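In this note's numbering, the protein residues as written are 5 to 607.
Positions of the beta carbon are idealized from the N, C-alpha and C atoms, including for glycine.
Since this is a predicted model, take the numbers as computed values, not measurements.
Just below is one structure, and these are the notes that go with it.
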C-alpha cells in the first residue's frame, strides 16, 4: 500500500510541476502482516494462547463470494464455514469452529483465489481494571479543559459508535436503561455476540465508556459526559465476560462505517495482529471515520491491536497527576494520552461514570474505573466535537487533536504520551475549519517580492508575467495551500481517484501524511529536498524553470510560516529545538533555488 501511495504522490508531483503529467499504472501490492507478526500468531496457536480462540478460524472472502461457492470447497478443506453475522453475505467474513489442525487447514484455504485472508480467530478483552462504585468529582474533565470547550461545541448530531460490551440504553426484557443516559440520543446498533438488534450491556464496561463520551449533562442526575450532545451507536462485540472475537469486531467496524458513524471508539485490545481487523480499520478510515482505540493495559512498551493498526488513533492513559498510569501500554504507534485514572491512592483516582452492576444488569451504579479503556472515549468524544465544529475527515480531526495536546516537558512527541495529553479546548481552538492555510500563500507572495528585489533590473522577470503564468502559479498554490477545493468537488471519489484527490487537496509538504501516516511530520518533506531534486533537470531544460521556481517559492512560504507559528515536531531529530533552525535553513535554500530559476539569463 505504501508503494501505491508513493506512485500516487509522484504522479501528482509531476502534474503540479509541469502541469502536463501523464498517468501511470499503479502496481498491486499484496496486503498482510509481516513475517514477524505471522510467526507470532503461529506461535500463539501452537502454544494455546488466550489471544486465540482454540480450534476456530476466520476466512474473509472477496466481496460477491456466495455461500453456495464456499460450501462447495468445504469438503476439500475439511471445515464447516458459516457467515459470522448478518453482515457476512456482504463483507464475506465467515467462521469455522472445531478445526483440528488450524495451520494445515489455513494453508489449504489460502490457496483459493477467492480468499482475501484466512487466519485463526482472535480473542480480545476489554482494557479496564474492575472496581467498586463511589461518587466523587470528575477531575478528568477539568484536566482536558472541558468547561471552556463546552462553550464552543458539544458534538451535536455527530454519531459515535461504541464497539464494546453494549450500552444500557433501553428497557428491554431484563435490561434497564441507566438513569444518567436518559435523554441521550441513540441510533440503531447491533449485538454481534447474540446476533440481534438489542446491543444491551451485560457487563458494565461499554456503558461506562459510553458515559464518558455522552453522559447526559445538566440534567440534575449523576455526572457529566464530554460530548453530551453527540449521538451514540451501541455495537456489542464483547460478551458478559468482557471478551470477543476479531471477526465480530471487524464486522462491527464496517457496520459503523456504513451506517453514518463519524467516530468509532474501541476500548478493547489484544496482542496479536489480525488482517481482518486491520482491513476493517482501513475501510472505516477511507470512508471518513475517525477510529479511536485503547493502547492496552500491559504496562509495557508495546501498543496493542487494534490501536496499533495504521489509521487508528492509539490512546495511552494518565492519572490525576498527569503522568502515565503504571498499567498503561505505550510505544512507537502511540498518538495521544488522555485521563484513564490511577486508583493506586484510592478509588477517587479513577474515572467516574454511571453504569450497570455486573451482577445485576437491571441495577444502576456509579463506578470508578481505570484503564486505557477509560482514556480512549475522552479522545473519541473530542473527535466528535471537532466534527461538530466542521471537520470533514480524520486527517483534520487528528491534526487538531495533536495540535491541541499538551506536550510533556520539551518533547513534542514521545512513546509514553504521543503528541501529549488531550486538551479539548485547545484542540477546538487549533481547528481551522478545514480550509486552506492562506498565510502560507501570503508568506510566499512576500518572499517573491524579496526574490524580485534581489535581482538586478535586466535579470528581473516581470512580476505580472510570473504571477499569471500557469506553469509558475499552479506549483506555487499546490505547495502552499493545495487544491483544497477538490474534496468538495469529488466527495464520492474512491480507489485510485480518491487517493489522488486526498493527495492533491493537501499542500505538497503535507503529502507526508498520506505516505507515513500516524501524523508523523517528516523532515524530508518539510525541507528544500523536493525543489532541489526538481531543479537539477531544470538546469538544462529551461522551459521547466518557471514551474520549479513556483514550487520552490511555495515551499519557502510554507516552511517560513510553519517556523513562525511554532515549528512542528519533526521526526527523527534528536532534539525538539532543532525544528525551527531546520525550517529556517531550508526556507533560505528554497529562496536560492527560486531566485536561480526565475532569473532571466538572456539579459
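Which residue wins for smallest C-alpha separation from residue i, given the options the options?
i: residue 563; options: 385, 533 and 548; result: 533
i: residue 244; options: 198, 218, 216 and 270; result: 198
i: residue 568; options: 434, 585 and 557; result: 585
i: residue 554; options: 116, 514, 603 and 526; result: 603
i: residue 232; options: 411, 357, 259 and 72; result: 357
i: residue 334; options: 311, 114 and 304; result: 304
i: residue 377; options: 282, 240, 345 and 327; result: 345
i: residue 54; options: 274, 39, 590 and 143; result: 274
i: residue 420; options: 328, 405 and 475; result: 328
i: residue 359; options: 404, 172 and 442; result: 172
i: residue 424; options: 413, 299 and 409; result: 409
i: residue 362; options: 278, 205 and 504; result: 205
i: residue 142; options: 511, 373 and 558; result: 373
i: residue 405; options: 386, 397 and 393; result: 386
i: residue 87; options: 187, 288, 72 and 507; result: 72
i: residue 180; options: 162, 191, 159 and 208; result: 208
i: residue 383; options: 126, 150, 557 and 308; result: 150
i: residue 90; options: 200, 79, 80 and 100; result: 200
When we look at the beta-carbon of residue i and count the other beta-carbons within 10 Å, is it buried (16 or more) or exposed?
i: residue 106; result: buried
i: residue 347; result: buried
i: residue 266; result: buried
i: residue 551; result: buried
i: residue 152; result: exposed
i: residue 69; result: buried
i: residue 349; result: exposed
i: residue 234; result: buried
i: residue 67; result: exposed
i: residue 203; result: buried
i: residue 76; result: exposed
i: residue 513; result: buried
i: residue 34; result: Note that residue 34 scores a pLDDT of 39, beneath 50, so its modelled location is shaky; the value from the coordinates is reported in the next line. Counting Cβ neighbours within 10 Å, residue 34 comes out exposed, since fewer than 16 surround it.
In the DSSP assignment, find the unbroken alpha helix (DSSP H) run with residue i in it and report its ends.
i: residue 253; result: 250-262
i: residue 146; result: 143-147
i: residue 153; result: 150-153
i: residue 474; result: 474-484
i: residue 458; result: 442-458
i: residue 93; result: 92-95
Look at residue i and residue j and say whether their C-beta atoms are less than 8 Å apart.
i: residue 432; j: residue 157; result: yes
i: residue 184; j: residue 248; result: no
i: residue 295; j: residue 237; result: no
i: residue 169; j: residue 242; result: yes
i: residue 276; j: residue 48; result: yes
i: residue 110; j: residue 122; result: yes
i: residue 339; j: residue 319; result: yes
i: residue 45; j: residue 98; result: no
i: residue 61; j: residue 167; result: no
i: residue 407; j: residue 371; result: no
i: residue 240; j: residue 195; result: yes
i: residue 186; j: residue 228; result: no
i: residue 310; j: residue 299; result: no
i: residue 595; j: residue 457; result: no
i: residue 444; j: residue 561; result: yes
i: residue 615; j: residue 508; result: This structure does not reach residue 615, given that the chain is present from 5 up to 607, and the question cannot be answered.
Where do the ends of the beta strand (DSSP E) carrying residue i lie?
i: residue 59; result: 56-65
i: residue 372; result: 364-373
i: residue 320; result: 316-322
i: residue 293; result: First-last for residue 293: undefined, no H or E at that position.
What three-state label does DSSP hand residue i in the structure shown?
i: residue 232; result: coil
i: residue 431; result: helix
i: residue 21; result: Low confidence applies to residue 21: its pLDDT is 34, below 50, so where it sits in the model is not reliable enough to give any reading.
i: residue 410; result: strand
i: residue 587; result: helix
i: residue 194; result: strand
i: residue 169; result: coil
i: residue 100; result: strand
i: residue 216; result: helix
i: residue 139; result: With a pLDDT of 35 at residue 139, under the threshold of 50, the modelled position of that residue is not reliable, and the figure given next carries that caveat. Correct three-state label for residue 139: coil.
i: residue 115; result: coil
i: residue 333; result: coil
i: residue 211; result: helix
i: residue 422; result: strand
i: residue 1; result: Only positions 5 to 607 of the chain appear in this structure, which leaves residue 1 out of reach.
i: residue 360; result: strand
i: residue 543; result: coil
i: residue 127; result: strand
i: residue 121; result: strand
i: residue 581; result: helix
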